[in-house]
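Below: the structure, in structure tokens.
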Amino acid sequence: MNNRINQLFERKKANILSVYFTAGFPNLNDTVEIIQELEKNGVDLIEIGMPFSDPTADGPTIQRTSEIALKNGMTIKLLFEQLKTIRESVSIPLVLMGYFNPVYRFGMEAFCQKCAEIGIDGTILPDLPLDEFEAEYKNIFEQNNLHNILLITPQTSEARIRQIDAASEGFIYMVSSSSTTGAGKKVEDFHKDYFERIQALKLKNPRLIGFGISDNATFSNACKYAGGAIIGSAFVSSFNEEVKIADSVAQFVKNMLHSD
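Numbering (the working numbering), first residue to last: 14 to 273.
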């Protein structure tokens with residue numbers, strides 16, 4: 014069976030909008046509604062963050078959402094429970110993003126089987142080394158039609174990028190800069206030379222650019238160099254307890270996809 018991530022990139026070659034949010038934030042039981050509203054408003058792919066107590070690659074915004082989600086009681090087990098009927102209402106690709114330790118503690122085989130059972134299409138585990146993934150876990154992922162999305166940064170060597178491309182299915186997560194996640198960087202801050210260098214490599218996998226995408230201008234700029242972009246911090250910052258989730262999501266996605 015063709016993975017939904019592959020289907021998306023076969024169908025849509027440009028301006029793919031992927032949105033990240035932390036499961037269990039702002040409230041423990043908001044997860045499903047946020048996913049449904051994101052799809053309804055035209056988002057192409059969703060990355061669901063599994064909160065962790067030591068999120069080293071995340072900036073202060075996502076770290077704060079992780080802390081709140083954990084205080085709210087979010088766990089991987091509860092997330093799977095919340096998502097058990099998600100495919101009755103949502104058809105776009107869903108990816109679970111987080112750190113390796115909680116997944117390892119859950120049990121990699123059990124985790125991948127659960128993902129397959131509820132219709133998760135991939136994972137992003139930035140601290141799981143490629144060599145360890147290939148040696149220990151790749152078979153389990155393949156058996157469950159699950160893509161493990163790998164990351165590259167401006168510092169990743171060409172040899173390593175080609176190794177990641179060969180090992181990848183779905184897409185490559187192209188980190189825009191060697192910093193933590195976070196909105197607010199200017200469009201000019203993006204590494205144009207890095208983006209062009211990666212374009213010139215003619216990789217087999219499509220790419221999405223993440224880290225620092227915060228508005229229509231940064232989204233549009235990133236889309237010039239890749240199949241689309243990933244927004245995280247700017248989205249989770251947009252929640253306001255005064256505003257209903259449906260209204261908040263609709264306004265955010267509209268602002269991302271359309272210039273003023």
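Think of the CB as a built atom: it goes at the ideal place given N, C-alpha and C, for glycine as much as any other residue. Remember, predicted model here, so these are calculated numbers, not experimental data.
Bounds of the beta strand (DSSP E) holding Arg220 are 220 to 223.
Thr136 places its beta carbon less than 7 Å from that of Leu109.
With fewer than three CB-CB distances shorter than 8 Å, the stretch 163 to 175 does not count as touching the stretch 96 to 111.
In its chain, beyond the 5 residues on either side, His160 have a beta carbon closer than 6 Å to the beta carbon of Glu182. Looking at the DSSP output, Gly241 sits in a beta bridge with Ile29, Leu221.
Cβ contact annotation for Ser104 (same chain, cutoff 8 Å, sequence separation greater than five): Arg17, Glu52, in chain order. Val108 sits in a strand when the DSSP states are folded into three classes.
When C-beta atoms of the stretch 243 to 256 are compared with those of the stretch 205 to 214, fewer than three pairs fall below 8 Å, so the two segments do not count as touching.
Asn152 places its beta carbon 7 Å or farther from that of Asp178. Non-local C-beta neighbours of Phe232 in its own chain, meaning closer than 6 Å and more than five positions away in sequence, comprise Ile226, Ala242, Met269, ordered along the chain. For Leu270, the enclosing alpha helix (DSSP H) covers residues 258 to 270. In the structure shown, Leu216 falls within a coil segment according to DSSP collapsed to helix, strand and coil. Listed in chain order, the alpha helix (DSSP H) runs fully inside the stretch 110 to 191 are 113 to 119, 121 to 131, 151 to 156, 171 to 180, counting runs of at least 4 residues. Taking C-alpha positions only, Ile61 is separated from Asn19 by approximately 18 Å. Looking only at Ser272, Gln156, Asp140, Asp57, the smallest Cα-Cα distance to Glu23 is reached by Asp57. Between Thr78 and Val249, the beta carbon gap of about 5 Å places them in contact (Cβ cut-off 8 Å). Counting along the chain, the unbroken alpha helix (DSSP H) around Leu91 starts and ends at 89 to 95.
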